[in-house]
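As structure tokens, the structure follows; a few thoughts come after it.
There are 2 protein chains.
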Amino acid sequence: MFPAGFKMTPPDSSAMDDDVFDFTDSEDADAPFPPTYMVVRFAAATQPRAIAWLVDKIRGPRSHGGAELLVRRQHTEPGDGVILHVSASCRKLLELAEEMELKKRDQAGLMREFIFAHLRDFVGEKGDREDLLTTAERQLIVRHELDNIRALSEDPSIPGYPNFRMYEGQSIVQVMIHRALVMSMYPLHDKENLKRLSSKWYYSKHQPIEDIRLYFGEAVALYFKFLDFYTVKLLFPLTLLGVLQMALSTLETLPFFCVCNVIAVTVFLEVWRRRSNEAAFQWGTIGMTSLDEPRPNFHGTMMVDTVTGRLLPQFPRRTTYIRMYCVTLPIVVVCLFLAFLVMLLSFYAEERLTQMSKDPESGVTYVTVMIPSVVYSILVSVVNLYYRKLATYLTEWENHRTQSQFERHRVIKLVAFEFVNTFMALFYIAFIYQDMDMLRSQLATMLIILQVVNNVQEAVLPLLMRYLSKGAGVGEHEAAAGGAGGADGEVSSAGGLRYRGGSATLSHELYPGVPEVLQGIPELDADDPRQQQALTEGSMDEYEGTYDDYLEVFIQFGYVFLFSAVYPQAALWALFNNVIESRVDAFKLCRLYQRPLARRVKDTGAWQRAFEALGAMSIITNCGLLCVSPPLRGRFPELSQTQWVLRWMVVEHLLMGVRYVLHQAIPDKPEWVRVALAKLNYQSKLALRKERALKRRMSSRRSARPVPVPKAPAH
Amino acid sequence: MFPAGFKMTPPDSSAMDDDVFDFTDSEDADAPFPPTYMVVRFAAATQPRAIAWLVDKIRGPRSHGGAELLVRRQHTEPGDGVILHVSASCRKLLELAEEMELKKRDQAGLMREFIFAHLRDFVGEKGDREDLLTTAERQLIVRHELDNIRALSEDPSIPGYPNFRMYEGQSIVQVMIHRALVMSMYPLHDKENLKRLSSKWYYSKHQPIEDIRLYFGEAVALYFKFLDFYTVKLLFPLTLLGVLQMALSTLETLPFFCVCNVIAVTVFLEVWRRRSNEAAFQWGTIGMTSLDEPRPNFHGTMMVDTVTGRLLPQFPRRTTYIRMYCVTLPIVVVCLFLAFLVMLLSFYAEERLTQMSKDPESGVTYVTVMIPSVVYSILVSVVNLYYRKLATYLTEWENHRTQSQFERHRVIKLVAFEFVNTFMALFYIAFIYQDMDMLRSQLATMLIILQVVNNVQEAVLPLLMRYLSKGAGVGEHEAAAGGAGGADGEVSSAGGLRYRGGSATLSHELYPGVPEVLQGIPELDADDPRQQQALTEGSMDEYEGTYDDYLEVFIQFGYVFLFSAVYPQAALWALFNNVIESRVDAFKLCRLYQRPLARRVKDTGAWQRAFEALGAMSIITNCGLLCVSPPLRGRFPELSQTQWVLRWMVVEHLLMGVRYVLHQAIPDKPEWVRVALAKLNYQSKLALRKERALKRRMSSRRSARPVPVPKAPAH
């Protein structure tokens with residue numbers, strides 16, 4: 001049998017002080033059901049046997065591969081899919097928090113791994129243990145436990161689906177999601193906290209990063225921190241500089257402005273790296289490595305992990321590398337090349353049509369000339385969708401161990417493609433056509449379209465769509481569940497929606513439409529507001545992570561800095577947009593999407609590199625643009641064309657050199673973070689030493705035999 | 001009073017098992033004096049009071065700021081400076097090894113910090129504790145202890161020298177060296193081991209890296225590892241490729257050859273980084289950080305170290321940065337600029353003279369034309385000497401905490417200057433004159449001169465000099481002490497020169513010429529061969545670290561790769577040279593220099609970056625050379641000059657891109673090192689956790705009071 005030991009007992013249960021808190025909370029039908037942390041929604045066609053089997057696993061003891069969580073079934077209409085509410089007792093959550101090595105701030109203000117036996121260090125003498133974990137953390141813990149229900153050797157396939165085979169150690173929930181038996185799995189919003197957060201968020205000048213982190217997790221908080229930092233520390237000063245440059249409006253200041261820009265970008269990215277490391281330290285995520293616990297979809301043979309000694313799926317890193325470099329890389333390169341080719345084709349077609357339109361007999365009108373551009377735009381967005389699926393599929397297949405690695409490799413693939421689609425056309429205009437006016441107008445159009453379209457798409461459209469598709473009826477429902485929590489939700493003074501104290505109804509009578517095997521699962525009260533909330537939020541769109549948000553900033557960043565030599569005003573537009581953008585994003589997250597699961601990150605991952613690559617590229621493009629700019633060239637008629645080009649080449653290389661020196665000279669982490677990490681490291685080392693000394697002494701007690709003393713020293 | 005506590009008791013003396021070895025070795029006049037680990041040679045004029053005071057410190061107990069080492073005075077002629085032999089008991093050495101966190105391989109083959117109480121884990125049940133530490137390590141330990149004798153508040157100045165003031169916590173030995181009271185301080189060679197090492201070293205195909213490390217320490221071993229790796233893995237294949245290219249001798253293959261070169265360099269440097277990290281892991285130096293124990297010359301106010309909690313000199317890092325960027329950087333830049341200017345001047349003078357020489361009436365002959373070059377060469381070598389002093393002084397003044405940081409910043413300053421002096425002239429010829437033949441002949445000359453001169457200078461000249469200056473008498477002495485260890489040294493079978501068993505003579509009778517205060521120091525036997533050895537090796541030159549050796553490779557690397565487009569044969573010469581070079585260096589270290597003190601390093605420091613910078617530059621220069629090469633240009637007459645330049649620019653940027661991608665894609669550390677480090681980290685973390693759990697439990701025993709159980713859960 002497959003031992004569930006790899007996630008069984010907390011690492012040092014031996015050191016557990018059972019006298020710290022004297023409470024019992026085994027599942028009791030009369031006890032109130034705690035808040036729902038995850039909603040699991042099955043497809044209507046899913047066989048009741050499979051559902052009942054999963055519920056047994058969720059509620060079952062760990063010794064039998066269960067998760068020891070609490071489950072309630074929601075009252076649903078016949079024909080609808082089954083909806084389960086999953087929760088956990090407070091004690092269980094705290095135990096799991098220890099197991100997941102969650103970091104919490106202790107009473108001394110130090111961020112350290114939570115240990116259940118030290119509960120008092122974290123909540124203080126009078127503190128409430130219920131307050132220690134945020135709802136985001138509880139949801140994360142419950143989701144982690146659900147994902148970690150793994151197939152035993154006695155479960156070759158899902159009951160009722162003999163074809164849906166599983167290998168030992170596979171995540172059952174992930175298989176059921178993959179097989180579309182589970183339609184969705186999502187946490188619920190915490191109305192009270194959300195209300196407090198959003199009121200703070202929409203109207204304050206700076207982003208309330210810490211509140212965002214507590215509610216949405218580190219990944220979302222880091223995105224907003226980045227957006228804020230980028231807007232305030234980079235765009236704002238550069239906008240002022242740009243305005244100054246426009247006011248002076250002399251040609252000679254333009255190169256100076258460009259140099260300022262590219263150096264500012266370099267410094268900004270270096271300083272951001274420091275900031276992000278600082279945040280990661282404060283959030284306790286700085287120690288995340290690629291050898292951490294694998295993500296749920298990581299597959300491999302169950303083996304003893306070299307680092308932790310626990311039983312975990314293992315997959316040779318070499319195979320991942322082979323897949324990456326021998327399969328994925330060629331496919332991606334071909335895709336990029338095709339995208340480039342399509343772009344060239346559209347340019348060629350447009351050019352031909354423009355020439356033909358000069359001949360009135362050809363029948364080519366002004367409108368016809370625009371066809372290639374329009375077709376190209378549509379094609380790009382369609383192909384983009386497919387490419388995104390391809391990239392996700394390939395990255396999944398590469399089988400990276402951690403979520404961060406997975407995200408990084410997925411982002412690299414996607415960004416390269418987006419880069420070709422977005423910027424190659426502009427490069428073509430700038431350096432092949434060398435038409436600066438066309439470039440400028442194109443830039444202005446794309447920048448404004450990007451920003452308007454995005455904001456509309458992100459906020460206005462979803463609101464409108466929902467209003468149109470669901471009509472007033474559902475809208476009312478939503479308003480009741482969403483806005484008026486105070487009216488029917490019994491808001492507690494401590495915050496958060498207090499759940500109904502009523503006991504669960506064990507449905508011994510046969511409800512019509514509920515299959516017999518499911519009637520063993522206790523049901524929620526008929527008037528529990530969570531049932532409506534689960535339905536409403538289940539119909540909302542899922543927030544797919546920060547990818548699209550970063551991408552938007554990335555493209556904007558490219559528009560502003562790659563071509564600042566021809567369009568210095570871009571920074572102003574970007575600044576203006578970002579002030580709105582951050583609010584739109586906040587609104588989107590708070591109101592339009594299902595609550596996303598908190599995700600822990602230690603940095604912006606591939607985005608840091610992507611932005612750095614753009615920074616380096618901006619040196620090349622700006623020097624190139626200034627070099628091909630006719631007015632500037634006109635000032636130096638005495639230089640031959642080659643001399644002129646060489647001069648700019650020297651400037652470019654010097655700037656690259658400056659960039660390299662800055663990169664080397666600015667340390668990645670602030671001094672205090674380095675010292676704090678070194679301190680922790682030193683203390684751990686000492687502790688390990690002591691532990692080994694202790695162990696040795698114990699073993700030497702057993703076989704105490706003097707070692708022969710050497711007769712004569714030798715050197 | 002200044003507490004000597006910062007280096008007093010070993011970190012966990014509480015866990016020490018005193019029953020492991022039952023031996024006593026307090027200093028006993030009748031006990032044999034162990035091998036000399038450090039020789040301290042005073043100036044003849046040094047006041048005996050000062051010497052006696054230092055000896056008291058060296059022998060004194062730690063509780064009074066002493067080092068608890070053993071000292072013997074060498075019998076010297078009247079008028080000569082006093083020479084002291086410093087040693088330590090085996091037990092003391094092992095205790096200090098623990099304190100210095102020296103890493104040793106235990107019986108399980110694992111590299112870990114030596115702990116005295118675990119001695120048996122390291123030497124095994126039957127092992128000899130004398131064999132555990134190599135002589136290099138013993139010397140390092142003794143030197144470390146000597147350097148760590150620090151001035152107490154009761155020592156305001158050196159006795160007999162009221163003007164030589166010291167601040168509390170300053171290293172006394174360093175002050176005495178600085179004030180020229182101590183002329184030199186050096187370890188002695190270990191004839192037997194040296195003989196074994198050198199016979200292996202001179203004749204084996206590969207460098208015996210592990211033996212070198214054990215005898216000369218990590219810094220020297222890493223240099224030879226680098227030299228070996230560079231010669232075998234980079235130069236050898238490229239030579240083959242170069243020969244192939246010469247055989248084909250078609251113009252079209254040259255660009256291909258260049259591209260191969262620059263990509264090979266990039267890959268080589270990345271792989272070297274991996275190798276060096278691997279070695280650092282195996283040698284136990286990978287964990288060295290800039291927060292490690294400060295180097296002896298680091299000064300600052302004595303304060304509690306944030307990381308270790310020990311009392312150590314502290315100096316604000318910010319001040320170092322300010323000094324670096326506000327003072328040193330401008331000075332260095334000015335120096336570089338001046339060097340550049342001097343080079344231009346010499347070129348200008350040469351050009352003028354060449355023009356004048358065409359006019360027979362000017363009296364300028366062929367010889368006169370060469371004057372500027374000669375003057376320039378002499379000027380460069382003279383200025384170099386002064387610049388080196390300046391760089392050392394500035395780096396010392398910047399006050400870097402660790403030896404590695406100090407070395408890195410010193411190397412950066414020196415390499416920049418060497419770069420300007422060595423390569424700028426070639427750049428000038430290549431890109432301003434664009435005279436490829438001149439470049440080629442210049443390269444060939446400089447490469448061969450460099451190699452011949454260096455080898456002569458390093459090996460032949462010192463041998464000759466010594467022979468000439470000292471005559472046959474000293475030569476015999478040396479031969480006796482050096483080669484014929486077996487004849488008079490009582491070679492033990494265990495290896496190494498066994499010291500004479502005779503007891504030290506406490507000179508109660510008054511020797512003529514020996515001041516009274518020094519007569520309390522026991523003297524070595526009159527026939528102890530170490531006395532002659534100390535004199536002979538004291539007169540040898542000091543090995544000043546690996547800087548000059550790396551520099552030689554660096555310059556060669558530059559000649560070979562920066563200009564491989566015009567002179568592909570360079571690799572062959574370099575290969576040929578390095579085969580000899582490694583032997584010459586080996587000979588130099590074994591026979592010509594004082595034994596250097598082992599130095600621990602975790603990587604090649606600034607050299608890695610310097611070579612990487614050359615690698616990047618080689619892309620630029622090779623593309624540039626191919627671009628200005630007339631024969632290649634002749635093949636593409638249809639391209640305009642600007643188009644031609646732009647084409648090469650694109651190639652250059654593509655290669656830079658490839659370099660960047662390779663740099664990102666090749667991980668710094670091999671997978672197994674990463675896993676091993678992660679494992680150690682994980683174990684330390686667990687140990688710290690347990691320790692904290694234990695502490696908490698103990699404190700909670702005292703105040704066991706139940707925390708109020710919350711009445712109602714809230715979310």
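Heads up: the sequence lines are chains A and B, in that order. Residue 1 is where the first sequence starts when you use UniProt numbering, and the numbers rise one by one after that. Residue 1 is where the second sequence starts when you use UniProt numbering, and the numbers rise one by one after that. Ideal placement from N, C-alpha and C gives every residue a C-beta, glycine not left out.
Can you tell which of A/D121, A/I115 and A/A97 has the C-alpha that lies nearest to the C-alpha of A/A108?
A/D121
Within the continuous alpha helix (DSSP H) that includes A/M288, where are the two ends?
First-last for A/M288: undefined, no H or E at that position.
C-beta contact flag for B/N454 and B/T231 at 8 angstroms
no
What are the residues of the stretch 298 to 315 of chain A that lie near chain B, defined by any Cβ-Cβ distance shorter than 8 angstroms?
T306, V307 and T308
Note down, one range per segment and in chain order, each beta strand (DSSP E) of at least 3 residues found wholly within the stretch 33 to 115 of chain A.
38 to 42, 70 to 73, 83 to 87, 103 to 105 and 111 to 113
For A/E192, list the residues DSSP reports as bridge partners.
Bridge partners of A/E192: none, in fact.
So, do the stretch 160 to 178 of chain A and the stretch 516 to 530 of chain A have three or more beta carbon pairs nearer to each other than 8 angstroms?
no
Which residue from A/L390, A/T266 and A/G615 puts its Cα closest to that of A/Q664?
A/T266
Collapsed DSSP secondary structure at B/R498 in the structure displayed:
For B/R498, the predicted structure reports a pLDDT of 37, less than 50, and the residue's modelled location is therefore unreliable. A value from the coordinates is still provided. If DSSP states are grouped into helix, strand and coil, B/R498 belongs with coil.
Whole-angstrom Cβ separation of A/V71 and A/I521, contact assumed at under 8 angstroms?
6 angstroms
Stretch pair the stretch 374 to 390 of chain B + the stretch 268 to 281 of chain B: three plus CB contacts closer than 8 angstroms
no
Between B/Y223 and B/D668, is the Cβ-Cβ spacing less than 8 angstroms?
no
Which class does B/P637 belong to by DSSP, given the choice of helix, strand or coil?
coil
Going along chain B, which residues have a C-beta under 9 angstroms from A/I620?
H653
Quick check: B/E130 and B/L152, are their CB atoms within less than 8 angstroms of each other?
no
In chain B, which residues lie with their C-beta within 7 angstroms of the C-beta of A/V327?
Going along chain B, no residue has its Cβ under 7 angstroms from A/V327, so there is no contact; the nearest lies around 15 angstroms.
Check whether A/G65 and A/I149 have beta carbons under 8 angstroms apart:
yes
Kindly list, in the order they appear in chain B, the residues whose Cβ is closer than 7 angstroms to that of A/I115.
R689 and A693
Taking B/V645 and B/C627 to be in contact with their CB atoms under 8 angstroms, please state how far apart those CB atoms are, rounded to whole angstroms.
6 angstroms
Taking only runs of the beta strand (DSSP E) that begin and end inside the stretch 113 to 199 of chain B, which ones reach a length of at least 3 residues, in chain order?
161 to 165 and 182 to 186
Beta-carbon contacts of B/K695 that lie in its chain and below 7 angstroms, excluding the five residues immediately before and after
none
Using 8 angstroms as the threshold, is the C-beta distance between A/T36 and A/L188 below it?
yes
Go ahead and pull the three-state DSSP assignment for B/Q594.
coil
With 16 other Cβ atoms within 10 Å as the buried cut-off, status of residue 746 of chain A:
This structure leaves residue 746 of chain A out entirely; chain A is present only between 1 and 715.
Evaluate B/C326 with the Cβ neighbour count: other Cβ atoms within 10 Å of its Cβ, from every protein chain shown; 16 or more gives buried, anything less gives exposed.
exposed
Which same chain residues, not among the five before or five after A/E350, have their C-beta less than 6 angstroms away from its C-beta?
P372
What residue from A/D228, A/E210 and A/R583 has the CA that sits closest to A/V456's CA?
A/R583
Put B/E523 into one of helix, strand or coil per three-state DSSP.
strand
Taking only runs of the beta strand (DSSP E) that begin and end inside the stretch 280 to 363 of chain B, which ones reach a length of at least 3 residues, in chain order?
301 to 304 and 311 to 314
Chain B partners of A/M288, CB-CB under 7 angstroms?
Under the 7 angstroms cutoff, chain B gives no residues; its nearest Cβ is about 11 angstroms from A/M288.
Cβ of A/M38 within 8 angstroms of any chain B Cβ:
no
When the distance is taken between beta carbons, is A/Y543 closer than 8 angstroms to A/Y593?
yes
Element boundaries [alpha helix (DSSP H), containing B/E396]:
Y366 to E398
Please confirm whether A/M100 has its beta-carbon closer than 8 angstroms to some beta-carbon of chain B.
no
If the cut is a Cβ gap below 9 angstroms, which residues of chain B does A/E671 touch?
R317 and R318
Where B/Y682 meets chain A, residues with beta-carbon distance less than 8 angstroms
V307 and T308
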